[in-house]
Amino acid sequence: MRLNLTNWMITPALAALLFSAAMATAAEGVYESNTLPVPQTAIDKAVFAKLAQLNIRPALCSDAVFVRRAYLDVLGILPTAQEAKDFIRNADIANKRRILIDKLLERPEFADYWAMRWSDVLRIKAEFPVNLWPNAAQAYHRWIRASLAENKPYDQFARELLTSSGSNFRVGPANFYRASASRSPDGLASVVALTFMGMRTDKWPANLLTGVSAFFAQVGYKPTSEWKEEVVFWDPIGASTVRANIAPGRDAIASTNPPPVATLPTTLPPQAATFPDGKQIKLPPNKDPREVFADWLITPNNPWFNRAIVNRVWYWLLGRGIIHEPDDIRPDNPPSNPALLAYLEKELVASRYNLKHIYRLILNSQTYQLSSVPRYKGPEAEANFATYPLRRLDAEVLIDVINTITGTTDLYTSAIPEPFTYIPENMPAIGIADGSISSPFLTLFGRTARATGMENERDNLPQASQWRHMLNSSHIARKIEQGPKLRELIDPTRKPSENIEALYLTFLSRFPTQSELQTAEAYGNFPAMTEALSAKSGSKSKAAPKAATAARQAAFQRQREAWTDITWSLINNSEFLYRH
Amino acid sequence: MNNKRNNQQVSRREALRRGVLGTAGLVFGSRIIVGDARAAALTTSAKPALKAKAKSVIQIFLWGGMSHNDTLDPKPDAGSEYMGEFGKAIETNVKGIRLQELWVNMAKQADKYSIIRSMTHRNNGHETAAYLMQTGHPPGERISYPSVGAVFAYSKRNEYKGMIPPYVVMLSANGRFSEEGFLGPKYKPFSTGGDPNASRFEVEGVVAKGITDDRQKARRELLANMDTMGKTMAASPAMVASEAAKKEAYELILGAGKDVFDLSKEKNDLRDKYGRNTFGQECLAARRMVEAGVPYINISFPGGWDTHSNHFATMRRQVPMLDQGLAMLLQDLHDRGLLESTLVWCTGEFGRGPKVDYQPPWNGGRNHYGNVFSVIVAGGGFKGGAVVGSSDAQGQEVKDRPVYPVDLLGTIYQLAGIDTKSKLPHPEGLDAFVLPEVGPKVKSGGLLTEII
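Taken in sequence, the protein lines are chains A and S. Counting with the numbering used here, you get residues 27 to 606 for the letters of the first sequence. Counting with the numbering used here, you get residues 889 to 1340 for the letters of the second sequence.
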């Protein structure tokens, strides 16, 4: 009980709250640690100061919650039963969370999971409305994944995206200027602002957008004779705006009849440009304006660049931006905690744009490790990170953990069958490069369509249709009933309680409580069934052996159904479906 | 251009001009955020609600694109170069309307439906054409619009309170252009899966294989007992929303709603008349859903019409099923007095080339063709026994009265009482309307006033 009673009037509503809180205490023990949080890191000092102003006394999450949370948030996977058990039982209370975080940040799954997040932001999608084309989607994703795997400094990552030229099939980051439904200078400027500054240009004054778009008015695109290959290049005279001026490949020529006559465009791109801060510049004729823009954006003292990314990482890990939403940064949407944001920006620059350093700082903070039991409601508590928010697992993560646990797979296809879209059977949904490749499950559970690159394009609000799918679809039922790994987990030679414990560790990454064990055992009615199964056919009646066999079969069937139902209740458990 | 259009000032002015700034103006002013935008009852129009004649819509979508020459717009005089194996047209029960020879059942029902023979959008890509026919919006914009069914689900959300989801697709959605676009998963079509022609129509998520109602109930209780976190954190808004959605799901799983899908409640001879095949029984299931008040039912024809090759054999196999099921559906709706309030429309995303392609590899096939094709419309305020527009002597181009996607969808929306100028809730707050305004990128030949 951590309610600050001295400051509260005891009202009937509060009395009810106290009562229900008291009832729930045993369960809270599952989710919360007994240790009181003590602000140690700079993050915690900034956050806890705000919480103290709001009279909020937060609680820390339990080890079992932490191990599950960390795996899901850092890698998008669940700990195995063994990993969960080892962590919970590890007696090194003082260090084990820190050691786990270090380990997780170095696992290969890190790049897989965060490549998916970045692919959402960068709209990696072969078909409508982005039309990257399949081979390019793969190349782009490969580059992102490799960049994350080597922990490429973020300033370099951004610069490569902003300034690359070359073939969409060969130079991954060159696809940055192709992954937009609109390739007009306005459209490209909007994409740049959204991606690197977390700003929505429809909230800018119109003349500012025009000024900034001049930096992107010289991006040219030309085809090659390879099907759907396209080269992004610096095109200062706007040559590629006239189809005849570009050097088309054989196929493009063949399809042009009569042969094109080249004329230069009558208007050249504007030579004056405006930076987002309002400063004007005359574009030098000998430098790609994208480079000029990158030079302005990517400097340690450009607050927009640094702020946008640390705020985004914070949003990714804590479900809410310090500036919220993380891609709606503007003067009239201030951060809930300016000191916290400033600290993270400073750390980013000091670490030379090492994003893993920012992850590590956040993950090791008490703020990240708070409990998700809701004691403090209201927008203020939420905006100041009083509790870790409950979030349904993202579509890809959810189906991946179900498939991993059950030992089953899903089929991912593109509505447009093309080469390059072959997906190996055991490919996790997280690893799919191309947003055009999907499954009914992924779309039902709100996977982003990657049309806009906005964080809120992913839709995790619960729907009845999603519940019908989880509770009652043949898709999930088959996994529960026939999943080979799941069948290995339920060992008829073990005690039922041992099987239940194994299921809990696998699905919920913790040991069952006494009352959960009893509920599951009572549902299965296991002793009676064991008796029926082991009944000897030693009766005198002739009909007896047959009857006994039938009874044994019926008991066997009932037992199977009981295990199916217990597993089903774990897969549909809030604790399984939600990050908590 | 997009950015100008998305500028808030413009949107307000435009809204004023459109005369839709009723309570919606408040919403524009305060720029509600995504989650709220989807949940909030965004008032769409200050105008009095249009009178709805069509309470339900059944759309039969012929994915792949059905030939118009070989079905609703026969050209017996055009010769085998155009007509291939089908040279004959047959009379119908309406003088002057003739159909291709395989349409024997529909020929007896011609007084109940009208044929548009001048549908056009000149788009020959499956996806882009399907997008046009399902949304009315030109493809290639920054926004991907919801399909007409999802717009129905959204527009009828306050009126329709049935347990079956408002937008049902049998058996599975035709790709993302029959889906919810930016409206989000809440307006996604409910795909039934299963097969209504099987002994039990196992509707995905509703009727589970091998699980009795008793076991369903026992499981539900077990889950309630085992859901420790759900109980501990019941006060959290995330858990409140989750529980509400779960309760709604169970109303269909354990409630009476699922009886709609139980076709064994129908007489055997009626089931025979619809045709004992998947499409025929889908038509019957659609009628049962209409009786339950479901606003929008999409039957995605079980089998494609993308007959680049093997065209004539496919037509001989599929047309009789379509002919029998659709004719019986119209007859049955009429017999039950439901045709007045049930709009039925049937088309693919385009037609097929009027000239048969005898070259290899097609060897007598027809390719994509969006210049002109045909559509059937019936009921829900549409007159029967009429033909709108015509194509030329070979079925190559529109001869008169072009009908564009906005004209067809606009008329359907009008008959259902949906204001096509009303705003849809876009998650980024962009201006998005049910149908686009007519302009250089959006052509119109006018609403189908001649048949309503």
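All residues carry an ideal CB built from backbone N, CA and C; glycine is no exception.
- Message: For a test of the three-state rule: what should DSSP assign to Ser1130/S, helix, strand or coil?
- Response: helix
- chain A contact for Ile978/S (CB, 8 Å cutoff): no
- Output, in chain order, the set of chain D residues within a Cβ distance shorter than 7 Å of Ser1124/S. Absence of chain D from the displayed structure is noted, the protein chains being A and S.
- Give a yes or no on whether the minimum CB-CB distance between Val1094/S and chain A is below 8 Å. yes
- Message: Can you look up Trp144/A in the DSSP assignment and give me helix, strand or coil?
- Response: helix
- Task: Could you check what DSSP says for Thr439/A in three-state terms: helix, strand or coil?
- Result: strand
- Task: Measuring alpha carbon to alpha carbon, tell me which of Asn337/A, Pro360/A, Leu512/A and Ala96/A ends up nearest Glu481/A.
- Result: Asn337/A
- Query: On the three-state DSSP scale, how would you describe Tyr1042/S?
  - Reply: helix
- Could you tell me how far apart the beta carbons of Arg417/A and Asn486/A are, in whole angstroms, since I believe they sit closer than 8 Å? 6 Å
- At a CB-CB cut-off below 9 Å, which residues of chain S make contact with Thr545/A? Leu1110, Asn1113 and Met1114
- Which class does Phe259/A belong to by DSSP, given the choice of helix, strand or coil? strand
- Option nearest Gly1072/S by Cα separation, candidates Pro538/A, Arg333/A, Gln489/A and Gln544/A: Gln489/A
- Query: Would DSSP call Tyr97/A helix, strand or coil?
  - Reply: helix
- Query: Does the distance from the C-beta atom of Tyr1075/S to that of Pro1034/S stay below 8 Å?
  - Reply: yes
- Message: Any beta carbon of chain A sitting closer than 8 Å to that of Glu1136/S?
- Response: yes
- Task: Tell me whether Lys1287/S sits in a helix, a strand or coil according to DSSP, three-state version.
- Result: strand
- Query: If Ser1130/S sits next to Ser600/A, beta carbons under 8 Å apart, how far is it from one beta carbon to the other, in whole angstroms?
  - Reply: 7 Å
- Message: Residues in the same chain with beta-carbon distance under 7 Å from Lys1331/S, minus the five sequence neighbours each way, listed in chain order, please.
- Response: Tyr1292
- Message: Between which two residues does the beta strand (DSSP E) holding Ala152/A run?
- Response: Per DSSP, Ala152/A belongs to no beta strand (DSSP E) and is neither H nor E.
- Determine, using beta carbons only, whether Ala998/S and Gln988/S come nearer to each other than 8 Å. no
- Query: Since Phe1341/S sits in a beta bridge, which residues does DSSP pair it with?
  - Reply: The structure shown has nothing for residue 1341/S, since chain S only spans 889 to 1340.
- Item | Limits of the beta strand (DSSP E) - the one that Ala1144/S falls within | Looking at the DSSP string, Ala1144/S is not in any beta strand (DSSP E), and its letter there is neither H nor E.
- Message: Does Val1057/S pass the burial test, meaning 16 or more other C-beta atoms within 10 Å, or should it be called exposed?
- Response: buried
- Does the beta carbon of Gly923/S come closer than 8 Å to any beta carbon on chain A? At Gly923/S the pLDDT is 34, less than 50, meaning the model places this residue with poor confidence and gives no usable figure here.
- Message: Given a cut-off of 8 Å on the beta-carbon distance, is the pair Gly1239/S and Val1260/S in contact?
- Response: yes
- Query: Using a beta-carbon distance below 8 Å, is Ala1017/S in contact with chain A?
  - Reply: no
- Task: Rank Gly972/S, Lys1134/S, Asn1046/S and Ser1006/S by C-alpha distance to the C-alpha of Ile1264/S and give the top, closest one.
- Result: Ser1006/S
- Query: Could one say the Cβ of Pro1324/S lies closer than 8 Å to chain A's Cβ atoms, at least one of them?
  - Reply: no
- alpha helix (DSSP H) runs contained entirely in the region 418-486 of chain A, provided each spans 4 or more residues: 421-432 and 466-470
- Report yes or no: is there a C-beta of chain A within less than 8 Å of the C-beta of Pro1249/S? no
- Message: Counting only beta-carbon separations shorter than 8 Å, does Pro1054/S have a partner in chain A?
- Response: no
- Item | Continuous alpha helix (DSSP H) assignments of at least 4 residues falling wholly in the region 297-336 of chain A | 315-323
- Message: Distance check for Lys248/A and Asp277/A, CA to CA, integer angstroms please.
- Response: Here Asp277/A scores only 46 on pLDDT, less than 50, and its place in the model should not be relied on; the value that follows carries that caveat. Cα-Cα distance, rounded: 13 Å.
- Message: Please report the straight-line C-alpha distance between Phe602/A and Glu542/A, rounded to a whole angstrom.
- Response: 15 Å
- Item | Pro1293/S - DSSP class collapsed to helix/strand/coil | helix
- 6 Å CB neighbourhood of Gly1145/S in its chain, flanking five on each side removed: Met1051 and Ile1052
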